[in-house]
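Beneath this line is the structure, given in structure tokens, with notes to follow.
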Amino acid sequence: MIQLYPLKINNDFVFNPSSRDFIVDEVPLYEFTGDGEHLILHIRKKDLTTWEMIAAIANYLGIKQKEIGYAGLKDKHAMTMQYISLPAKYEAKLETFDHPKIKILNRYRHNNKIRVGHLKGNRFKIRLKKVLGIQRDKLDSVLQWIKANGIPNYFGNQRFGNEGNNWQEGEAIVEGKLNIRNKKTRTFLLNAYQSHLFNAWLSKRIEISILLESFSETETEQILALPSGTLAGIKKQPHFFKLLVGDLMMHYPCGRVFELESLEEEAKRFNDRDIAPTGLLAGKRVSRSQESALLIEQNYDKSIPEDGSRRYAWIFPEEIKSTYVPEKAHYELSFYLPKGCYATNLLDVLRGGVEEGL
Numbered sequence: 004m005i006q007l008y009p010l011k012i013n014n015d016f017v018f019n020p021s022s023r024d025f026i027v028d029e030v031p032l033y034e035f036t037g038d039g040e041h042l043i044l045h046i047r048k049k050d051l052t053t054w055e056m057i058a059a060i061a062n063y064l065g066i067k068q069k070e071i072g073y074a075g076l077k078d079k080h081a082m083t084m085q086y087i088s089l090p091a092k093y094e095a096k097l098e099t100f101d102h103p104k105i106k107i108l109n110r111y112r113h114n115n116k117i118r119v120g121h122l123k124g125n126r127f128k129i130r131l132k133k134v135l136g137i138q139r140d141k142l143d144s145v146l147q148w149i150k151a152n153g154i155p156n157y158f159g160n161q162r163f164g165n166e167g168n169n170w171q172e173g174e175a176i177v178e179g180k181l182n183i184r185n186k187k188t189r190t191f192l193l194n195a196y197q198s199h200l201f202n203a204w205l206s207k208r209i210e211i212s213i214l215l216e217s218f219s220e221t222e223t224e225q226i227l228a229l230p231s232g233t234l235a236g237i238k239k240q241p242h243f244f245k246l247l248v249g250d251l252m253m254h255y256p257c258g259r260v261f262e263l264e265s266l267e268e269e270a271k272r273f274n275d276r277d278i279a280p281t282g283l284l285a286g287k288r289v290s291r292s293q294e295s296a297l298l299i300e301q302n303y304d305k306s307i308p309e310d311g312s313r314r315y316a317w318i319f320p321e322e323i324k325s326t327y328v329p330e331k332a333h334y335e336l337s338f339y340l341p342k343g344c345y346a347t348n349l350l351d352v353l354r355g356g357v358e359e360g361l
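Take 4 as the starting number for the sequence shown in the working numbering and just add one per residue.
The structure is reproduced here in structure tokens:
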């Protein structure tokens with residue numbers, strides 16, 4: 004029997020991101036028209052960032068990098084396939100393009116440039132190593148839990164720089180302790196701070212859900228020093244991640260933001276994967292939650308001089324498959340995630356349970 008929620012499972016495995024053990028395949032948002040003034044390239048790269056790949060192609064063609072469109076940034080330490088666009092007039096010159104880490108897999112014509120966000124999601128293939136028999140059984144069990152329940156939608160470590168602390172510079176900007184003149188750098192650091200606040204909020208909401216597995220609503224309120232009645236009626240919800248009165252929801256896997264109206268009805272829709280709760284990316288021009296949900300959210304809401312938004316708090320990986328190779332002690336995974344979601348979240352749950360990140 005699968006345990007209700009995977010906590011402190013301490014699965015030991017080795018995952019070293021590399022072009023052999025980590026493969027990412029971008030799924031485009033739309034079909035390409037087959038004609039138009041833009042050339043779409045399906046690119047395979049390895050051991051390069053998306054920016055390094057774009058720079059290599061731009062330098063070869065003698066054009067500015069801004070002429071090349073892309074939908075999303077892909078990991079460096081991986082083999083990744085993604086789509087980029089550039090003016091079709093450069094197509095002939097690409098016939099002689101050759102790079103040891105970049106291969107053009109296919110070409111299409113289209114009537115517009117690819118913009119950031121123009122992707123549906125990504126398919127991942129990951130190889131975990133040094134997985135022995137008992138660990139394989141634990142991974143199988145947690146993977147079944149993930150299939151049934153989904154995973155938290157944390158921002159991955161790559162969002163926070165090599166040292167994992169660039170959000171602190173974003174915080175310093177907000178507090179007036181640091182002045183960054185470069186607009187691009189300033190925005191990058193503020194976005195990192197937004198992401199840090201979101202992750203901290205999500206950890207708190209998961210903590211509430213974990214406590215409710217062992218304690219009553221009243222006891223959980225007392226443990227967390229919440230006003231009486233804040234958590235009333237939520238323990239009985241069918242999903243592990245508990246919704247609160249005042250949460251803002253979004254249709255899943257894409258759709259508009261709307262206010263939760265009936266806690267019981269929306270909790271069922273969430274469990275059915277029709278909708279999902281959202282968390283705040285603090286900033287300007289963004290809706291805030293209300294009532295009980297606001298009591299938690301307001302602790303992670305700062306006056307950030309960038310546009311804010313809402314982000315799914317919980318996501319549901321699809322097409323999950325696993326294969327165990329006993330002679331090599333390899334555990335091979337494949338799955339699909341919507342855009343903006345990190346494969347490392349699934350690995351974190353496999354390694355340490357949903358408590359990972361608290």
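Ideal Cβ positions, reconstructed from N, Cα and C, are used throughout, including at glycine.
For residue i, three-class secondary structure by DSSP
i: Ile26; result: strand
i: His80; result: coil
i: Glu282; result: Correcting the residue identity first, residue 282 is Gly in this sequence and not Glu. In this structure, Gly282 counts as strand in the three-state DSSP scheme.
i: Ser292; result: coil
i: Arg314; result: strand
i: Val119; result: coil
i: Ile149; result: helix
i: Lys287; result: strand
i: Ile299; result: helix
i: Ile154; result: strand
i: Phe16; result: coil
i: Ser21; result: coil
i: Gln6; result: With a pLDDT of 36 at Gln6, under the threshold of 50, the predicted position of this residue should be treated as unreliable, though the coordinate-derived value follows. Coil at Gln6, not helix or strand.
Continuous beta strand (DSSP E) stretch holding residue i: start and end
i: Ile129; result: Leu122 to Leu131
i: Thr233; result: Careful: Thr233 lies outside any beta strand (DSSP E) and carries neither H nor E.
i: Thr326; result: Glu321 to Val328
i: Ser337; result: His333 to Pro341
i: Lys48; result: His41 to Lys49
Best match in the options for proximity to residue i [C-alpha to C-alpha]
i: Gly159; options: Phe201, Ile183 and Val145; result: Phe201
i: Leu349; options: Ile26, Phe25 and Ile149; result: Ile149
i: Phe191; options: Glu267, Glu174, Gly179 and Glu269; result: Glu174
i: Leu42; options: His80, Leu97, Met84 and Asp78; result: Leu97
i: Ser198; options: Gly136, Glu216, Ile57 and Asp310; result: Asp310
i: Lys123; options: Asn114, Gly355, Tyr339 and His242; result: Tyr339
i: Glu335; options: Asn182, Trp317, Gly355 and Val134; result: Val134
i: Thr83; options: Trp54, Lys92 and Gly153; result: Trp54
i: Ile117; options: Ala59, Leu32, Leu142 and Leu297; result: Leu32
i: Ala81; options: Gly75, Tyr73 and Ser22; result: Ser22
i: Thr221; options: Ser206, Ala235 and Ile213; result: Ala235
i: Asp2; options: Leu181, Asn62 and Glu70; result: Residue numbering for the chain in the displayed model covers 4 to 361; residue 2 lies beyond these limits and cannot be assessed.
i: Thr281; options: Arg259, His45 and Glu268; result: Arg259
i: Glu341; options: Trp170, Pro256 and Asp351; result: The amino acid occupying residue 341 in the given sequence is Pro; Glu does not appear at that position. If we check each option's Cα against that of Pro341, Pro256 comes out closest.
i: Asp38; options: Ile57, Thr99, Arg110 and Ala74; result: Arg110
i: Asp275; options: Phe319, Asn302 and Ala59; result: Phe319
i: Arg313; options: Leu251, Leu266, Ala346 and Cys344; result: Leu251
i: Arg354; options: Lys141, Asn19, Pro20 and Lys106; result: Lys141
i: Ala285; options: Lys239, Val177 and Val352; result: Val177
i: Lys287; options: Ser325, Ile307 and Glu300; result: Ile307
i: Phe35; options: Arg112, Gly179, Ala91 and Leu214; result: Arg112
Where the alpha helix (DSSP H) containing residue i begins and where it ends
i: Ile176; result: Trp170 to Val177
i: Leu350; result: Ala346 to Gly355
Integer Cβ distance of residue i from residue j, believed to fall under 8 Å
i: Arg126; j: Val30; result: 6 Å
i: Leu246; j: Phe273; result: 6 Å
i: Ile46; j: Ile71; result: Not quite, the Cβ-Cβ distance comes to about 10 Å (not below 8 Å), so this is no contact.
i: Lys132; j: His254; result: 39 Å between Cβ atoms; not a contact.
i: Ala316; j: Arg208; result: 7 Å
i: Gly249; j: Leu297; result: 6 Å
i: Thr138; j: Asp15; result: Residue identity check: residue 138 is Gln in the sequence provided, not Thr. The Cβ separation is near 6 Å, so the contact holds.
Proximity test, residue i beta-carbon vs the ligand SAM heavy atom, cut-off 7 Å
i: Lys324; result: Ligands are entirely absent from the displayed structure, and the ligand SAM is therefore not among its contents.
Could you give the uninterrupted runs of the beta strand (DSSP E) lying entirely in the segment 52 to 117, keeping only those of 3 residues or more?
Complete beta strand (DSSP E) runs here, min 3: 82 to 90 and 105 to 113.
Can you give, in chain order, each stretch of the beta strand (DSSP E) that sits fully within the segment 202 to 267 and has at least 3 residues?
251 to 254 and 260 to 262
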